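Peer 1:
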Amino acid sequence: MSRKSAFSLYISIAASLLTLVWVLPSALAQHGSEGTVAITVLDPSGSVVQGAELELTDLATNVVRKGRTHESGTYTFVNLSLGKYKLTVGKSGFKTQVYDAVVVEAARTTDISAVLRVGAAAETVEVNGGAAPLVETTTNSIGTTIDMKQIEGLPIQGRDIGQLSQLIPGYTGGQNNIGGTWNGLPSIDQGNNIDGIIGSPSRMKFGGNSEPAVTPRLESIEEMTVQTEQLDMNQGFGQASMQINFVTRRGSNAFHGRVFDDFRNAALNANSWFNDAATAIDPANPQTKNPIKLNDFGGSVGGPILKNKLFVFGTFAESRRPGTSQYNNWLFTPAAQSGVFTWVDQTTGATNTQDLYQWAGSHGVTSNNAQSPATAAVFAAYPVSNLGSITPAVNGDPNVNRIDWQVANPTVTYYPAVRVDFTPNEKMRFNVAWNMTKGTQPSTNAPDFPGSTWAKTGAGNTNKNYSASFGFDWTLSPNVVNEFRGGYLYNANLFSYNAAPIDINVPQVAWAYPGAGPQRSTQMNGTVDWLLVGTFYPLLNASDTISWQKKAH
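Quick note on the numbering used here: the sequence shown kicks off at 22 and runs consecutively.
1. Flag this pair as touching only if the stretch 161 to 179 and the stretch 236 to 247 have three or more C-beta atom pairs under 8 angstroms; answer yes or no.
2. In chain order, what are the residue ranges of uninterrupted beta strand (DSSP E) at least 3 long that sit wholly in the stretch 378 to 444?
3. Considering Cα atoms alone, identify which of Asn-562, Ser-568, Trp-569 and Lys-571 is closest to Asp-216.
4. Put Asp-297 into one of helix, strand or coil per three-state DSSP.
5. Between the stretch 459 to 468 and the stretch 412 to 425, do three or more beta carbon pairs fall short of 8 angstroms?
6. Looking at Ala-122 and Lys-105, is the spacing between their C-beta atoms short of 7 angstroms?
7. Helix, strand or coil for Asp-366 per DSSP?
8. Can you give me the C-alpha to C-alpha distance between Leu-108 and Glu-76, rounded to a whole angstrom?
9. For my contact list, Leu-352 and Asn-407 are in at a C-beta cut-off of 8 angstroms; report their separation, rounded to the angstrom.
10. How is the alpha helix (DSSP H) around Pro-355 delimited, first residue to last?
11. Determine the burial state of Arg-341: buried for a count of at least 16 other Cβ atoms within 10 Å of its Cβ, exposed for fewer.
12. Assuming Leu-560 and Pro-222 form a contact by the criterion Cβ under 8 angstroms, report the distance between their Cβ atoms to the nearest whole angstrom.
13. Name the two residues that bound the continuous beta strand (DSSP E) containing Phe-557.
14. Quick check on Thr-130: does DSSP put it in helix, strand or coil?
15. Please state the DSSP three-state secondary structure of Thr-474.
16. Would you report the Cα separation of Tyr-435 and Met-457, rounded to the nearest angstrom?
17. CA-CA distance, Val-399 and Thr-372?
18. Quick check: the Cα distance between Phe-493 and Pro-468, rounded to an integer number of angstroms?
19. Which residue's Cα is closest to the Cα of Glu-639: Ser-134, Ser-113, Val-501 and Asn-230?
20. From what residue to what residue does the beta strand (DSSP E) around Phe-267 run?
21. Tell me whether Arg-541 is buried or exposed, calling it buried when 16 or more other Cβ atoms sit within 10 Å of its Cβ.
22. Which class does Arg-180 belong to by DSSP, given the choice of helix, strand or coil?
23. Can you find at least 3 beta carbon pairs, one from the stretch 133 to 143 and one from the stretch 59 to 72, that sit closer than 8 angstroms?
24. Please classify Met-449 as buried or exposed, where buried requires at least 16 other C-beta atoms within 10 Å of its C-beta.
25. Roughly how many whole angstroms lie between the Cα atoms of Phe-470 and Thr-396?
26. With a Cβ-Cβ cutoff of 7 angstroms, do Leu-510 and Ile-219 count as a contact?
27. Compare the beta carbon distance of Val-280 and Gly-324 with 7 angstroms and say whether it is the shorter of the two.
28. Under 7 angstroms Cβ to Cβ from Asp-168, same chain only, skipping five residues before and after it: list those, please.
29. Could you tell me the alpha carbon to alpha carbon distance between Ala-476 and Asn-349, rounded to whole angstroms?
30. By alpha-carbon positions, which one of Ala-401, Ala-357 and Pro-522 ends up nearest to Gly-472?
31. Excluding the five sequence neighbours on either side, which residues of its own chain have a C-beta within less than 7 angstroms of the C-beta of Leu-101, listed in chain order?
32. Beta strand (DSSP E) containing Pro-325: first to last residue?
33. Starting from the C-beta of Asp-425, find all residues in its chain whose C-beta is less than 6 angstroms away, skip the five residues before and the five after it, and write them out in chain order.
34. What did DSSP end up calling Ala-50 once you bin it into helix, strand or coil?
35. Check for me: the beta strand (DSSP E) holding Arg-89 runs from which residue to which?
36. Measure the C-alpha to C-alpha separation of Ile-172 and Leu-185 and round it to an integer number of angstroms.
As structure tokens, then:
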């Protein structure tokens, strides 16, 4: 095939795909962060009304969308921000009909059938009942929406609303989405998005992919919708046939805000069922409440910068949980440090001692007849008893003791978020949103021993995830609407982020003593040099959808 003919083939394929996009009959397609209102206008006899004037007003921002019913008596408003709207339906020869509470939910369609009454257009009929997407008759998608207003007063663990997806009909599996799935779909078929962009990396999906990398918090998310079947073609990003959609809160024409503090400790908690049961079985040894200290606090504010045009919402939250990590390691006994080792004769059971330095000297091993400077430095830095609990070794070796100690390891996590919406005119709407989760645990990896000398031999972990989205909705005409969505997911985990470089002044424990193997994260048989390693799975995605209404659908 010549270069010219190949180029012509590519142009033909591209043109065919573009034509396919434009002639698709469905105008209900939207990303998971927006909703749809489908309207059918009828006269008192049940016949459709063509040319009815429609006006849909966002009650939070006063942004107005207009349309006119087709010959089929239908019209669909697409790419709508979440919230409540007022719908006005008018036609010459009929009374104007007003719906004052039309609810729009993420990735769902609100169907309205307006039956006009004969009369003057100046007369108004108000429908106070409103409309919500209870039964969607114009779309076959299956979804459930969780409105934050219904759960804001509930004590949700970590203020993470993502866990509520497990309450949706069709879910089966363990807690925290371990091995869980919806409608029997494989776990790798799950997907999620925040503000219409991919919410988690494509790697490691074998354990499920319903929870985004950024924690969806109660104070920053306005709505969550779980779609389990029949997604639109522009949803799922070609990776999943079920989606969990999260939408960041937005500002309105009225300032609003909140301040919160979730505080927990043992004094405020009841004892656990298991502790109570153990106490009932053995009253002589009552099981006390497990200690807990948790402080999760923050605030948010939203409102107008320019009335009816520019709106902003921002929130910042911080979770602090003091904690400790329990570690242990082996120590040589004072006698063994001086070179005197104890052993038991397996035949007679007699206990014997031997000064190894003296034995080496008497047998002509002059290189090992005295303690080396390196060994002396280690023993000089050995922790004293007030830095931990020193007990005889559990393996019965009389030459080693075990030391147990605790290291402060508080968990601190930050949750900032911000969203800006801008409507310069009735045809264009812009929005940008940014959500982040950043956490640190400074002492996840144990030092060799307790004490200031060994502090540099420990390290901790940190993670930083954020999603940044940009949306542009452009109403080219009442029947043609273009929606662009682009975003970036930053997903990074650093292990041993605060590990100190190897220091010649820090003693190196490097002896191979039988019977004293690794203890948790430390080992007597060698110093663990923690090195900075990590994972970084960024994700950039963009999509564009054109909705063209030409007839009933």
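All C-beta atoms, glycine included, are put in the ideal place defined by N, C-alpha and C. Fair warning: this is a prediction, and the values are worked out from it, not measured in the lab.
Peer 2: The structure says:
1. Two segments are said to touch when three or more pairs of C-beta atoms, one from each, lie closer than 8 angstroms; by this definition the stretch 161 to 179 touches the stretch 236 to 247.
2. Counting whole runs of 3 or more residues, the stretch 378 to 444 contains the beta strand (DSSP E) stretches 410 to 413, 421 to 429 and 432 to 443.
3. For the purposes of this step, residue 216 is identified with residue 195 of the sequence shown, where counting begins at 1. Here the closest residue by C-alpha is Asn-562.
4. Here residue 297 refers to the residue found at position 276 when the sequence shown is read from its first residue. The answer is helix: DSSP assigns Asp-297 an H, G or I state.
5. Touching, no, given that fewer than three Cβ pairs across the two stretches are closer than 8 angstroms.
6. As a working note, residue 105 is residue 84 in the sequence shown. As a working note, residue 122 is residue 101 in the sequence shown. Contact flag set, yes.
7. Working through the sequence shown from its first residue, we reach residue 366 at position 345. Here Asp-366 sits in coil by DSSP.
8. Position 87 of the sequence shown holds residue 108. Position 55 of the sequence shown holds residue 76. Distance between the alpha carbons of Leu-108 and Glu-76: 6 angstroms.
9. In the sequence shown, counting from the first residue as 1, residue 352 sits at position 331. In the sequence shown, counting from the first residue as 1, residue 407 sits at position 386. At roughly 14 angstroms, the Cβ-Cβ gap does not stay under 8 angstroms, so Leu-352 and Asn-407 are not in contact.
10. On the sequence shown, position 334 is the one that residue 355 refers to. Residues 355 to 358.
11. Along the sequence shown, one-based indexing puts residue 341 at 320. If you draw a 10 Å sphere on the C-beta of Arg-341, you find fewer than 16 other C-beta atoms in it, and that means exposed.
12. Translated into positions along the sequence shown, residue 560 becomes position 539. Translated into positions along the sequence shown, residue 222 becomes position 201. Cβ atoms of Leu-560 and Pro-222 come within 8 angstroms of each other, at about 6 angstroms.
13. Translated into positions along the sequence shown, residue 557 becomes position 536. Run containing Phe-557: 554 to 557, per the beta strand (DSSP E) assignment.
14. To locate residue 130, count along the sequence shown from 1; it is residue 109. In the three-state reduction of the DSSP assignment, Thr-130 falls in the strand class, which pools E and B.
15. Taking the first residue of the sequence shown as 1, we reach residue 474 at position 453. Helix.
16. The residue labelled residue 435 in the question sits at position 414 within the sequence shown. The residue labelled residue 457 in the question sits at position 436 within the sequence shown. Spanning the two alpha carbons is a distance of roughly 8 angstroms.
17. Here the question's residue 399 lines up with position 378 in the sequence shown. Here the question's residue 372 lines up with position 351 in the sequence shown. Between Val-399 and Thr-372, the C-alpha separation is close to 28 angstroms.
18. On the sequence shown, residue 493 is found 472 positions in, with the first residue counted as 1. On the sequence shown, residue 468 is found 447 positions in, with the first residue counted as 1. Rounded to the nearest angstrom, the two C-alpha atoms are 51 angstroms apart.
19. Missing from the structure shown is residue 639; the chain here goes from 22 to 574 and no further.
20. In the sequence shown, residue 267 corresponds to position 246, counting from 1. It spans 264 to 269 - the beta strand (DSSP E) in which Phe-267 sits, taken as one unbroken run.
21. For this step, residue 541 is matched to residue 520 along the sequence shown. With a pLDDT of only 47 at Arg-541, under 50, the local geometry of the prediction cannot be trusted, and the value read off the model is given with reservation. Exposed: under 16 other Cβ atoms inside 10 Å.
22. If you number the sequence shown from 1, residue 180 lands on position 159. Arg-180 falls in the helix class under three-state DSSP.
23. Three or more Cβ pairs closer than 8 angstroms define a contact, and the stretch 133 to 143 meets that threshold against the stretch 59 to 72.
24. Along the sequence shown, one-based indexing puts residue 449 at 428. Met-449 should be labelled exposed.
25. Taking the first residue of the sequence shown as position 1, residue 470 is located at position 449. Taking the first residue of the sequence shown as position 1, residue 396 is located at position 375. Approximately 15 angstroms, taken between the alpha carbons.
26. Residue numbering aside, residue 510 sits at position 489 when the sequence shown is read from its first letter. Residue numbering aside, residue 219 sits at position 198 when the sequence shown is read from its first letter. In contact: Leu-510 and Ile-219 (Cβ atoms closer than 7 angstroms).
27. The residue given as residue 280 occupies position 259 in the sequence shown. The residue given as residue 324 occupies position 303 in the sequence shown. No, the Cβ-Cβ distance between Val-280 and Gly-324 is not below 7 angstroms.
28. For the purposes of this step, residue 168 is taken as the residue at position 147 of the sequence shown. Correct list, in chain order: Glu-244.
29. Looking up residue 476 in the sequence shown gives position 455. Looking up residue 349 in the sequence shown gives position 328. Using only the alpha carbons, I get a separation of about 14 angstroms.
30. Sequence index remark: in the sequence shown, residue 472 carries index 451 (1-based). For Gly-472, the nearest C-alpha among the options comes from Ala-401.
31. Along the sequence shown, one-based indexing puts residue 101 at 80. For Leu-101, the CB contacts under 7 angstroms within the same chain, skipping 5 residues up- and downstream, are Glu-55, Gly-56, Thr-57, Val-58 and Val-125 in chain order.
32. By one-based count along the sequence shown, residue 325 stands at place 304. Note, Pro-325: beta strand (DSSP E), 314 to 327.
33. Your numbering for residue 425 matches position 404 in the sequence shown. So the list reads Asn-349, Gly-409 and Ser-410, once near-sequence residues are dropped.
34. The residue you call residue 50 lines up with position 29 of the sequence shown. Its pLDDT being 47, under 50, Ala-50 is placed unreliably by the model, and nothing is read from it.
35. In the sequence shown, residue 89 corresponds to position 68, counting from 1. From DSSP, the beta strand (DSSP E) with Arg-89 extends over 85 to 89.
36. Within the sequence shown, numbered from 1, the residue matching residue 172 stands at position 151. Within the sequence shown, numbered from 1, the residue matching residue 185 stands at position 164. Cα to Cα, Ile-172 sits roughly 10 angstroms from Leu-185.
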